[in-house]
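Structure first, then comments.
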Amino acid sequence: MKRQKKEGAVHIRRTAGDWFFEIAIIVLFVVFTFICIFPFYYLLINTISDNDLVTSGRVNFFPMLKNADGNAIFGVQFNNYTALKNVQDLGSSIVVTLARTLLGTALMVITSAWAGYLVTKRKMWKRSFWYRFLVVTMYFNAGLVPWYMNMLMMGLTDNFLAYINPGMVAPYNLILVKTYIESIPSSLEESAVIDGAATFTVWRKIILPLSVPILATIAIFGAVGNWNSFQDSLLLMNNRPDLYTLQHRLYIYLNSSSNLGAMMSQGGTVSEQAAASMLNQRVIQYTVSMVSIIPILLVYPFMQRYFVKGIMLGAVKG
1 MKRQKKEGAV
11 HIRRTAGDWF
21 FEIAIIVLFV
31 VFTFICIFPF
41 YYLLINTISD
51 NDLVTSGRVN
61 FFPMLKNADG
71 NAIFGVQFNN
81 YTALKNVQDL
91 GSSIVVTLAR
101 TLLGTALMVI
111 TSAWAGYLVT
121 KRKMWKRSFW
131 YRFLVVTMYF
141 NAGLVPWYMN
151 MLMMGLTDNF
161 LAYINPGMVA
171 PYNLILVKTY
181 IESIPSSLEE
191 SAVIDGAATF
201 TVWRKIILPL
211 SVPILATIAI
221 FGAVGNWNSF
231 QDSLLLMNNR
241 PDLYTLQHRL
251 YIYLNSSSNL
261 GAMMSQGGTV
271 SEQAAASMLN
281 QRVIQYTVSM
291 VSIIPILLVY
301 PFMQRYFVKG
311 IMLGAVKG
């Protein structure tokens, strides 16, 4: 059956070269997607497979277990994850990490949005000075020891606020927000000012809703940074184990397992309970890595849609 051509319709005849190019692009993206996803998949299947099979390198594409005869068969087990219950105060470290991630990210986004908006206002007192003062901190770093002494003098050692206060104003995020706000048509703000809206009202009712994409972007940056943060907990919470972050707890657990494994490999004696609870070192690393990245992998898909550009399209008509 021949199709009738609609009047005015344009039909493009594709050559063999066009088809080859499209197929090549599809194959390229499929390969690229596989390269990006496979490392996470490989970590997952190794954490839910038999540890002996992981050690011998027999787990590559599917999770495997040993049957009664010692042969490898398809199957899963979650002993490596349940063994994490042996981590001391794991529950409290999860609460601390969630609290710092949620609270720290929220305050960082709010302060970045407000400060980024203010430095776009020409009537702000010493606007150029304050903006340059914040930006210059990106290029100069006093070092670890002065940073620790500064935190000590401000009373932020052994204090939960050490996780929150230093990251509330991030120069890089400020630059991103400022640049984005400057792309918003000024006529929107001018019309609100004519109607009698104050500066804070304009920021809250106009700037914030229109800045959702850039705020979601810096929120992802802040959440990942807070969730994976380790150094501040290691250096500042020496006398407050109850304030250790999840990454710090898993680091201690990994070190203790590594030390136990080294002792056994050197012929040292350990208790049967300790030996029974010890996992293969490679599997420990895989499990710790999965525990660290799973929350971020679950959150990111819900935030990705805010990265789409062009939200301002059609905001101003005429």
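In the working numbering, the protein residues as written are 1 to 318.
A virtual CB, placed ideally from N, CA and C, is assigned to each residue, including glycine.
The three-state reading of DSSP puts L156 in coil, since its state is none of H, G, I, E or B. In this structure, I220 keeps its C-beta atom at 8 Å or more from the C-beta atom of Y163.
Between the segment 202-213 and the segment 51-65, the count of Cβ pairs shorter than 8 Å is below three; the stretches do not touch.
I45 is positioned such that its CB atom lies closer than 8 Å to that of P63.
T179 is classed as exposed because its beta carbon has fewer than 16 other beta carbons within 10 Å across all chains shown. Nearest in C-alpha terms to R132, of all of S93, Q77 and L174, is L174. Closest by C-alpha distance to T137, out of R122, T120, P166 and G104, is P166. The alpha-carbon separation between R100 and S229 amounts to approximately 10 Å. Beta-bridge pairing by DSSP links I73 to L65.
In the assembly as shown, R13 is an exposed residue. Its beta-carbon has fewer than 16 other beta-carbons within 10 Å.
The Cβ-Cβ distance between S233 and V177 does not fall below 8 Å. When rounded, the separation of the alpha-carbon atoms in T47 and V283 is 6 Å. For W125, there is no enclosing alpha helix (DSSP H), since its DSSP letter is neither H nor E.
It is roughly 28 Å from the alpha-carbon of W125 to the alpha-carbon of G104.
Looking at the backbone, the Cα of T157 and that of Q285 are separated by about 29 Å.
Burial check for W227: the Cβ neighbour count within 10 Å reaches 16 or more, so the residue is buried. Spanning the alpha carbons of Y41 and R204 requires a straight line of approximately 42 Å. Secondary structure at P295: helix, using DSSP grouped into helix, strand and coil.
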